[in-house]
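Worksheet: one structure, shown below.
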Amino acid sequence: MLRWISIGVLSVALVGVGVWGYQEHQEKNAILIQAENNYQRSFHNLAYYVDLLHDKIGTVLAMNTADSLSPQLTEIWRITSEAHTEVGQLPLSLLPFNKTEEFLSNIGHFSYRTAIRGLDDEPLSDEEVKTLEKLYEHSGEIKRELRKVQYLVLENNLRWMDVQLALATQEEQQDNTIIDGFKTVEKNVKGYSEGMIHTSLNGVMEEPEESQVDITGEKIDHQQLRNKINQILSIDDGTELRITETGEGSDIGLYTVSFDQDGTYGYMDFTQKGGHLLTFMINREIGKPNISLYEGMERAGRFLQKTGYDHMEAYNSVQYQNVAVYSFAYTEDDVRIYPDAIEVKVALDNGEVIGIAARDYLTHHKERTINDPELTLEEAKNEVNPNVNIQEQSLAVIENDLGKEVLCYEFIGTLGEDTYRIYINAQDGFEERVERLKQPEVDFGSVS
Amino acid sequence: MKDKKKFLIFIFLFFMVNIPLSSYENSQQSHAFSPRVLQKGATGDDVIELQARLQYLGFYNGDIDGVFGWRTYWAVRNFQYEFGLTVDGLVGAETKERLVRASRFDREFIHEQIRQGRDFTYYGGVPKEQQVKRQPDRGGQAANPGNQTTGTRTTAVNVPAGYSQNDIQMMAQAVYGEARGEPYVGQVAVAAVILNRVESPSFPNTVSGVIFEPRAFTAVSDGQIWLTPDETARQAVLDAINGWDPSGNALYYFNPNTATSDWIWSRPQIKQIGKHIFTK
């Protein structure tokens, strides 16, 4: 009797487990298919966009008038951005697929710059037409490679989940068509991106490859480094300073110094040349705020002076609970030079400076000759939207969209409930930049 | 002549007696500001009082949220202009004194409204009952539990330009998942790598695009990104967004003990922080 009961119970359990297992299996498959479909969509979209891109560039080459050129170039810009997004969704990031993305970016930049330029006044130069021809040719090659991969994927029912697995398990991909195909694409792009794109697209790239940044000053040794540190901080003699040097990949040669002292962890980067303080961070428990944002700002200013950064003026201050972050900019003859910026962080419990980030300052700061503005303040004001209520004005140097430093009138004004910062080029009155300044954000956690 | 002198002395005495009295009254009624100078960017109870007083006088029409933003800044400047003070947007002793003299501040009422998460205003001359929007009570204290002792929580927060608290949260999750055992600087460096990738043409152009790029971060692939990040990770992300980059402009990092890809070793290395090697 007992036997029959247990057999019955067990077989019910067996059937139950079977059903459960089957359902799990079904669910897993459904999810796998969904993930696979996402990859497939991205991949096929990519192939489509690159094809379209090739087409459009070809059309532009045949066009003549600015009226039709500008919209077409804008269209190219849009398509590159779409294609770029699709690449980012494919599981390739550890496969060196960067060059293709960069190539897309370059086309994007090129078409954007030329599209917004006003081609009536300044038509495409011969060199630009040549660049376009090259881009046409290369996008054609990429298109062909991608279409080939796409054909193989469709023909053999290849699945991206397998690529995912192959990459995950790090098997040498003996016969993975997708990966091989993409490697070919990448190799091709790499071939021309280094040779031609960089030279002829130079000047439209946002930042020329900065492999090394020039820093002025003599190279300092460890003893000089220690003296520097003692100037800035009081560190007990007993505290061990760990000093390391950066490797070949670093664009600025650095000494990295770290130490532990009474529960405080300190970290500093000094440039090897000149011994400038580039990064400084103190990590410790911070108590309740006791000093004001204003007082913290004065302390931050004094600290910068002590560190060897003179003529710095704070232009922004923000309190995050018990710490404050200040943005300083170099100021010369009442002209604020925004590219030469340093961020300073102050603990508001005792006013200690606990952080400095001076990379922008060190990479941009140089001797400048600032020309007198050709426009008067009034003339510049006329260039601003008349609905904006101008409240404050000053002169400033900013880096514009093309990465060039320009002298501007800086206006801060209000329009409705918002505050705007507007830069008008002081030489030609061009509206270089308009920013809507951020209001504090509602704390979503407090109203839920 | 004599009478006039007497009168002046009388007035003088009157003020001598009265000034301390009135300021005593004010401090009773307001607990007054702390002696700190307030400027744009500040947060906390003092800012709540500042906004309430400015609103009482009609200078400030925004929310009383405890964060000294641009709208508060313009309100302060207008106030300073109208009252003949130096127009600098800084709330120092003099500005505070004039504010306190000119306005009322019902601390209990305002903090109660904020704690209850109600939509309210505080204009002078309007009955308070009319300034609170009646709305379904959101469970009252539950909105802000346990804050009675630590002061009222501000209802807004400062965020770095171009980012929302939610972006910061998402990055904090990624940093926590990727580098929670690392020293603080190492966590800032990981956050900086995410931002460097957003800037780089070879990667997607948004924070979410970079974080969720397939196979870019192991923490995303294995689901560790859904752990709840700690405060350290959040701080690290804030630092990175505010411009700190201890990684030295790196685009990749890897753990030399667990890295399986040959390719990653071929990248030019910048430096090692904690267990991670940062590379170009």
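Chains A and B, in that order, are what the protein sequence lines are. So that you can map any letter, position 168 of the first sequence is 168 in the UniProt record's numbering, and since no number is skipped, the others follow by simple counting. So that you can map any letter, position 223 of the second sequence is 223 in the UniProt record's numbering, and since no number is skipped, the others follow by simple counting. By construction, the Cβ of each residue, glycine as well, lies at the ideal position given by its N, Cα and C atoms.
Quick one, are the C-beta atoms of Ile277 (chain B) and Tyr253 (chain B) less than 8 Å apart?
Judged by beta-carbon spacing, Tyr253 (chain B) lies within the 8 Å limit of Ile277 (chain B), meaning their Cβ atoms are closer than that value.
In the DSSP output, what is Ser317 (chain A) paired with across the bridge?
BP columns for Ser317 (chain A) point to A:Tyr326.
Proximity of Ala380 (chain A) and Gly429 (chain A) at Cβ, strictly below 8 Å:
Their beta carbons are under 8 Å apart, which means Ala380 (chain A) touches Gly429 (chain A) by this criterion.
With 8 Å set as the bound, which would you pick, yes or no: does the beta-carbon of Met281 (chain A) sit closer than that to a beta-carbon of chain B?
The beta carbon of Met281 (chain A) falls within 8 Å of a beta carbon belonging to chain B, placing the residue at that interface.
On the three-state DSSP scale, how would you describe Lys183 (chain A)?
Here Lys183 (chain A) sits in helix by DSSP.
The stretch 193–210 of chain B in contact with the stretch 306–321 of chain A per 3-pair CB rule at 8 Å:
In this structure the stretch 193–210 of chain B does not touch the stretch 306–321 of chain A; the number of beta carbon pairs closer than 8 Å is below three.
Tell me the DSSP secondary structure of Pro339 (chain A) in three-state form.
In this structure, Pro339 (chain A) counts as strand in the three-state DSSP scheme.
Quick one: which chain A residues come within Cβ less than 7 Å of Pro256 (chain B)?
From the beta-carbon of Pro256 (chain B), no residue of chain A is found nearer than 7 Å; the closest lies around 13 Å away.
Is Asn350 (chain A) near Asn290 (chain A), with beta carbons less than 8 Å apart?
In this structure, Asn350 (chain A) sits near Asn290 (chain A), with a CB-CB distance shorter than 8 Å.
Can you check whether the C-beta of Gln165 (chain B) is within less than 8 Å of a C-beta belonging to chain A?
Interface annotation, Gln165 (chain B): in contact with chain A, CB-CB separation under 8 Å.
To the nearest angstrom, how far is the alpha carbon of Val67 (chain B) from that of Lys40 (chain B)?
Distance between the alpha carbons of Val67 (chain B) and Lys40 (chain B): 8 Å.
Arg359 (chain A) - DSSP class collapsed to helix/strand/coil
Of the three classes helix, strand and coil, the one that applies to Arg359 (chain A) here is helix, per DSSP.
Leu57 (chain B) by DSSP, collapsed to three states: which one?
Here Leu57 (chain B) sits in coil by DSSP.
Please state if the CB of Met312 (chain A) and the CB of Ile342 (chain A) are separated by a distance shorter than 8 Å.
The Cβ-Cβ distance between Ile342 (chain A) and Met312 (chain A) falls below 8 Å.
Within chain B, the residues that Phe444 (chain A) reaches when beta carbons sit closer than 8 Å:
Those within 8 Å of Phe444 (chain A) in chain B are Gln165 and Asn166.
Extent of the continuous beta strand (DSSP E) to which residue 282 (chain B) belongs:
As shown, chain B starts at 1 and ends at 280. That puts residue 282 (chain B) outside it, with no answer to give.
Do Val188 (chain B) and Trp244 (chain B) count as a contact pair if the criterion is CB distance below 8 Å?
The answer is yes: Cβ separation under 8 Å.
Selection from A:Ile398, A:Lys404, A:Gln393 and A:Gln427 that minimises the alpha carbon distance to Ile412 (chain A):
The residue among A:Ile398, A:Lys404, A:Gln393 and A:Gln427 with its C-alpha nearest the C-alpha of Ile412 (chain A) is A:Gln393.
In this structure, does DSSP put Phe278 (chain B) in helix, strand or coil?
Secondary structure at Phe278 (chain B): strand, using DSSP grouped into helix, strand and coil.
Name, please, each residue of chain A whose Cβ falls closer than 8 Å to the Cβ of Asn196 (chain B).
Chain A residues near Asn196 (chain B): none, gap ~11 Å exceeds 8 Å.
Status (buried if at least 16 other CB within 10 Å, exposed otherwise) for Val47 (chain B)
By the neighbour-count rule (16 or more Cβ atoms within 10 Å), Val47 (chain B) is buried.
Keeping to the same chain, check which residues put their C-beta closer than 8 Å to that of Tyr60 (chain B); ignore five residues upstream and five downstream.
Excluding residues within five positions, the ones whose Cβ falls inside 8 Å are Gln51, Leu54, Arg71, Thr72 and Ala75.
Answer yes if the stretch 362–372 of chain A comes into contact with the stretch 254–267 of chain A, meaning at least three C-beta pairs across the two stretches below 8 Å, and no otherwise.
No: fewer than three Cβ pairs fall under 8 Å.
Using 8 Å as the limit for Cβ to Cβ distance, is Glu432 (chain A) near chain B?
False, the Cβ-Cβ gap to chain B never drops below 8 Å.
Considering only their Cβ atoms, is the gap separating Ala191 (chain B) from Ala236 (chain B) smaller than 8 Å?
Remark: C-beta atoms of Ala236 (chain B) and Ala191 (chain B) approach each other more closely than 8 Å.
Is the distance from the Cβ of Pro268 (chain B) to the Cβ of Gly247 (chain A) below 8 Å?
Less than 8 Å divides the Cβ of Pro268 (chain B) from the Cβ of Gly247 (chain A).
Which residues share a DSSP beta bridge with Gln393 (chain A)?
DSSP output for Gln393 (chain A) lists A:Phe411 as bridge partner(s).
Members of the stretch 320–339 of chain A that neighbour chain B once the beta carbon cut-off is set at 9 Å:
Contacts with chain B (Cβ-Cβ distance below 9 Å) from the stretch 320–339 of chain A involve Tyr320, Gln321, Val323, Ala324, Val325, Tyr326 and Ser327, listed in chain order.
State the start and end residues of the unbroken alpha helix (DSSP H) segment that holds Ile229 (chain A).
Its alpha helix (DSSP H) spans residues His222 to Ile232.
Check the Cβ of Ser292 (chain A) against every Cβ in chain B and list those closer than 9 Å, keeping chain order.
Result: Ser34, Pro35, Arg36, Val37, Leu38, Gln39, Ala42 and Asp46.
Strictly under 8 Å for the Cβ-Cβ distance: is Tyr253 (chain B) near chain A by that measure?
False, the Cβ-Cβ gap to chain A never drops below 8 Å.
Between the stretch 232–256 of chain A and chain B, which residues of the former have a C-beta closer than 9 Å to a C-beta of the latter?
Within the stretch 232–256 of chain A, the residues whose Cβ lies closer than 9 Å to any Cβ of chain B are, in chain order, Thr244, Glu245, Thr246, Gly247, Glu248, Gly249, Ser250, Asp251, Ile252, Leu254 and Thr256.
Residue burial classification, Gln150 (chain A) (beta-carbon count within 10 angstroms, cutoff 16)
Buried is the call here.
Neighbourhood of Leu90 (chain B) by C-beta, 7 Å cutoff - its chain only, sequence neighbours within 5 removed
Correct list, in chain order: Val37 and Gln39.
Helix, strand or coil, according to DSSP, for Phe110 (chain A) in the structure here?
Reduced to three states, the DSSP call for Phe110 (chain A) is helix.
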